[in-house]
Structure formats: C-alpha cells, structure tokens
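As structure tokens, the structure follows; a few thoughts come after it.
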Amino acid sequence: MMGEDWGSRKRSRALVREISPQFTDALASYFGTGPTDIELSRQAHSNYVAALRKHGVDVHVLPGLPDHPDCTFVEDTGVVFGDVVVIPHMGHPSREGEQSAVKEYLAEFLTVYEMPEGATLDGGDVIFFDDKLLIGESTRTNLQGISFLQNIAESRGFDTMVFKIPSSTLHLTTVCSSPQPGLLITAEGHLTPEDFAPLVENGVDVVWVPNEESYAANVIGFEDGFVIVSEGYPKTKAILQELGFTITCVDMEHIRSADGSLTCCSIFY
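So for the sequence shown, numbering that gives the first Met the number 0 puts the first residue at 0; every next one is plus one.
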C-alpha cells in the first residue's frame with residue numbers, strides 16, 4: 000500500500016497544474032498581496048516542476064483553468080493516502096470545480112471518495128506524517144470535513160491528529176511540514192509547543208523556524224536527506240543545513256503572491 004511509506008510516501012509521482020490565465024485574480028489575503036505578472040508566475044511554476052523532476056519525481060501536468068485563478072494550488076483538491084483519494088468540497092466557494100480533472104486523473108490509480116455536502120476541507124490542511132494524518136481545522140476546513148477524512152483514514156490504519164489553526168493562518172501546511180520521518184518543521188507564532196506535545200512525548204522532533212520566515216516552514220523532503228526550500232530565507236536554510244539536509248532552493252515569490260507555498264502546487268500519489 001502506497002501509504003505505508005513515510006510521510007506523504009516516497010514522492011515518486013506528482014500531479015501539478017499550470018498557472019491559470021486568470022492568476023492575477025487569485026485569492027490573496029494572508030501573506031500574499033496578489034499576483035501581478037502571469038509570465039513570471041508561469042516561469043516560477045516551471046522552475047518548481049523542474050526542481051521536482053531534479054529529485055526524480057515523475058510529474059504529470061494538468062492544464063490551467065481560465066475560470067479558476069487558484070487552480071495551480073492543486074494540493075487542496077485531493078487528499079491521497081494508502082490506495083485512496085478523498086475529493087473534498089473546497090473551503091472557499093470560488094474554488095469549487097477545480098476538483099473535476101484531478102478526480103478524473105487520479106481515479107486511474109486510486110479509489111475515489113467524494114466528500115458530502117456541508118463538509119469542507121482543503122488538502123493544504125493535511126500533513127502526512129509517518130503513520131499519521133495531521134489535520135488542521137481552519138477557515139477552509141470544517142469539523143464535518145475532518146470527520147469524513149478521519150473515518151476513511153483510520154479505517155486504513157492511519158492515526159489522525161487535529162490542530163486548531165488560527166484565523167490569521169491559511170492552512171496547517173502554511174506553517175508546518177515534514178521533510179523526513181520523525182521530524183516536523185514549524186514556524187513560531189502560529190501553533191504552540193503544547194499543540195505538538197503529544198507527538199514530542201512519542202519521540203517526534205519539532206524544529207521551529209523564526210516567525211519572520213514563516214513561509215519557509217513549508218518544505219518538500221525526499222529520501223536521503225534532500226529537501227526543496229523556498230529561496231530567500233537564510234535562517235531557515237541554515238537550520239536545515241545544520242540538520243544535515245542537502246538543499247535545493249526555488250524562487251517562489253510569484254507563487255507566494257497568491258498565498259501559495261511549495262506543497263500547495265502538487266499532489267503526490
């Protein structure tokens with residue numbers, strides 16, 4: 000079963016989506032100020048895809064959707080674990096409809112579960128961590144969505160743990176990620192040490208990066224100590240290097256402008 004590998008699996012295959020021609024209309028109310036240049040955004044996305052391929056990932060690219068400015072943030076449209084994908088109702092109504100092509104593509108590989116009406120969840124509120132799914136209750140993910148995901152995950156042997164995400168933070172993955180087994184990277188000022196206490200008590204290492212570099216807490220880790228990090232965050236880069244990681248930096252400025260981070264732009268399956 001694919002989910003028996005660590006974290007979000009071996010990250011050998013990824014689904015991504017091109018930048019929408021309407022990307023300048025993307026939602027931006029957290030750390031983004033709104034995209035202003037479509038071509039530079041497309042170049043940034045191309046560089047992101049190249050970084051995945053550099054690390055051996057087989058990347059399948061879906062076309063952008065003219066009517067969905069945020070569609071490149073494909074992570075939110077499907078949650079993959081084990082041999083299933085959960086297709087959620089999106090937490091922001093403008094994003095409903097992005098899921099269709101994702102569901103159609105992933106149905107070739109996985110069993111599909113569709114979330115019922117009234118339940119909302121963005122995939123950005125889910126971190127695959129060892130044998131657990133860490134789930135954020137946020138402005139985009141409600142309790143009904145969490146319960147639906149928990150029932151499916153736990154029936155397949157995944158434990159779950161829920162974090163309350165402050166309204167000033169978009170998603171759990173906005174400020175937290177897992178680059179390798181037993182390790183979480185998180186940013187100061189969003190979640191608290193108490194939030195992670197049950198994990199720490201069971202031997203998990205939680206490494207904090209400075210609040211002013213919160214964006215860089217979202218990383219993509221691979222086997223053998225390789226990690227993709229956003230360009231321009233020297234303190235976080237130094238912390239990861241001290242932990243022994245080999246780093247690939249990607250300039251995400253134009254993706255960040257629409258509140259997007261590294262993991263937002265792919266679904267590993």
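C-beta atoms are modelled at their ideal positions from N, C-alpha and C, and glycine is treated no differently.
Exercise for the section: Just tell me which of V84, P115 and F128 has its CA closest to the CA of E107. Expected result: Taking only the C-alpha atoms, the option nearest E107 is V84.
Exercise for the section: Ignore the nearest five residues each way along the sequence and tell me which others in L109's own chain have a CB closer than 7 Å to its CB. Expected result: So the qualifying residues of the chain are V79, D82, V83, V84 and Y268.
Problem - For F127: DSSP bridge partner residues - result: Beta-bridge partners assigned by DSSP to F127: L132.
Exercise for the section: Name, in chain order, the residues that DSSP records as bridge partners for G220. Expected result: Bridge partners of G220: V226.
Practice task
Compute the distance between the beta-carbons of L261 and V218, then report whether it is under 9 Å.
Solution key: The Cβ atoms of L261 and V218 sit closer than 9 Å to each other.
Handout entry: Which residues DSSP lists as bridging L183, in chain order
Key = Bridge partners of L183: V205.
Practice task
Check whether the segment 129–140 touches the segment 159–172, counting contact only when three or more Cβ pairs, one atom from each stretch, lie closer than 8 Å.
Solution key: Judged by Cβ distances under 8 Å, the segment 129–140 makes contact with the segment 159–172, as three or more pairs qualify.
Exercise for the section: Would you be able to state if there are at least three C-beta pairs under 8 Å between the segment 117–129 and the segment 175–184? Expected result: Segments in contact, yes.
Problem - Straight-line gap, W5 to R12 (C-alpha atoms, nearest Å) - result: Bear in mind that a pLDDT of 41 at W5, under 50, signals an unreliable position, so the model cannot answer this.
Practice task
Provide the residue(s) that pair with G175 in DSSP beta bridges, ordered along the chain.
Solution key: First, the residue type needs correcting, since residue 175 is Cys and not Gly in the sequence shown. Under the DSSP definition of a beta bridge, C175 partners with T185.
Problem - Straight-line Cα distance separating A118 from Q143 - result: Within the model, the alpha-carbon separation for Q143 versus A118 is close to 5 Å.
Problem - V60 - DSSP class collapsed to helix/strand/coil - result: The three-state secondary structure of V60, taken from DSSP, is strand.
Exercise for the section: Using DSSP bridges, identify the partner residues of K163. Expected result: K163 is bridged to E136.
Handout entry: Cβ neighbours of P62 in the same chain (closer than 7 Å, five flanking residues each side left out)
Key = E17.
Handout entry: Alpha carbon of W207 to alpha carbon of I246, nearest angstrom
Key = Within the model, the alpha-carbon separation for W207 versus I246 is close to 18 Å.
Exercise for the section: Check whether the Cβ of D69 lies closer than 9 Å to any Cβ atom in chain B. Expected result: Included in the structure is just one protein chain, with no chain B present.
Practice task
Quick one: grab the DSSP three-state call for C70.
Solution key: For C70, the secondary structure class from DSSP, reduced to helix, strand or coil, is coil.
Exercise for the section: Using three-state DSSP, classify D158 as helix, strand or coil. Expected result: Note: D158 maps to strand in three-state DSSP.
Handout entry: Per DSSP, cross-strand counterpart(s) of L14
Key = Beta-bridge pairing links L14 to H59 and I266.
Practice task
In the DSSP assignment, find the alpha helix (DSSP H) that holds E113 and state where it starts and stops.
Solution key: Note, E113: premise wrong, no alpha helix (DSSP H); beta strand (DSSP E) at T110 to E113.
Problem - Of the listed residues S154, R139 and S28, nearest to K163 (C-alpha basis) - result: Shortest Cα-Cα distance from K163 to any of S154, R139 and S28 involves R139.
Problem - Buried or exposed (CB count within 10 angstroms, at least 16 for buried), A43 - result: Answer is buried; the Cβ neighbour count reaches 16.
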